[in-house]
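For reference, the structure is listed below as structure tokens.
Numbering (mature numbering (1 follows the signal peptide of the UniProt record, and there is no 0)), first residue to last: -23 to -1, 1 to 133.
See the structure below:
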């Protein structure tokens, strides 16, 4: 009786379902990052053609200035790269609160300086000239729970 009920339930439910063939979603192209950046800065992206018929993008900025989209974008990338270079010299270190003094001694021993003390999280932001070597050395110190490179988190 249970088998009949189970089989009839399965057949009933399968009859109610709708078969859809594996449809491939439409292909979407990736947005031009220079155009996206232009619009994020409040500008308007415009495509133009030169005398030879080559297409190029212009960013019309809110102040009326017109700049090549890719030059505008690359300029920002260069600024970001420089900021990342400085940021990469900062390490975030988490420690066992009972070992705080030993951890601070180790930070000083390896030539790093404390940039910020996250006391509520038992963490330190430290700056060092040799981030890779300092990270490797501090990971071996008793009381150090984790060491990571500083990074920017951006919400979209």
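All C-beta atoms, glycine included, are put in the ideal place defined by N, C-alpha and C.
Assigned secondary structure, residue 81 (DSSP; H/G/I helix, E/B strand, else coil)
Here residue 81 refers to the residue found at position 104 when the chain shown is read from its first residue. Residue state, collapsed to three classes: helix.
What residue from 44, 115, 19 and 13 has the CA that sits closest to residue 81's CA?
Position 104 of the chain shown, counting from 1, holds the residue named residue 81. The residue with the shortest Cα to Cα distance from residue 81 is 115.
Three-state secondary structure assigned by DSSP to residue 112:
Counting from one through the chain shown, the residue named residue 112 turns up at place 135. Correct three-state label for residue 112: helix.
Skipping 5 residues on each side, what residues in its chain have a beta carbon closer than 7 angstroms to that of residue 108?
Taking the chain shown and counting its residues from 1, one reaches residue 108 at position 131. These residues qualify, in order along the chain: 65, 66, 68 and 126.
Would you identify the three-state DSSP class for residue 31, choosing helix, strand or coil?
If you number the chain shown from 1, residue 31 lands on position 54. In this structure, residue 31 counts as coil in the three-state DSSP scheme.
Roughly how many angstroms lie between the CA atoms of residue 16 and residue 43, to the nearest whole one?
Translated into positions along the chain shown, residue 16 becomes position 39. Translated into positions along the chain shown, residue 43 becomes position 66. Going by the C-alpha atoms only, they are around 13 angstroms apart.
Range of the contiguous alpha helix (DSSP H) that encloses residue 23
Within the chain shown, residue 23 is the residue found at index 46, counting from 1. Element bounds for residue 23: not the alpha helix (DSSP H) but the beta strand (DSSP E), 21 to 26.
Which residues in the same chain as residue 89 place their Cβ atom closer than 6 angstroms to its Cβ, once the five residues preceding and following it in sequence are excluded?
As a working mapping, residue 89 is identified with position 112 in the chain shown. Within the same chain, residue 89 has close Cβ partners 103, 105 and 111.
Following a CB-centred definition, is residue 76 positioned closer than 8 angstroms to any heavy atom of the ligand FMN?
Ligands are entirely absent from the displayed structure, and the ligand FMN is therefore not among its contents.
Cα separation between residue 45 and residue 30?
Taking the first residue of the chain shown as position 1, residue 45 is located at position 68. Taking the first residue of the chain shown as position 1, residue 30 is located at position 53. Roughly 16 angstroms between the two C-alpha positions.
Secondary structure at residue 99, three-state DSSP: helix, strand or coil?
Start at 1 with the first residue of the chain shown, and residue 99 comes out as number 122. Here residue 99 sits in coil by DSSP.
Measure the CB-CB distance between residue 36 and residue 18 and report whether it falls below 9 angstroms.
One-based indexing of the chain shown puts residue 36 at position 59. One-based indexing of the chain shown puts residue 18 at position 41. Yes; because the gap between Cβ atoms is below 9 angstroms, this pair is in contact.
Write down the C-beta distance between residue 100 and residue 70 rounded to the nearest angstrom, noting that I regard them as a contact closer than 8 angstroms.
Stepping through the chain shown from its first residue, residue 100 is reached at position 123. Stepping through the chain shown from its first residue, residue 70 is reached at position 93. The Cβ separation is near 6 angstroms, so the contact holds.
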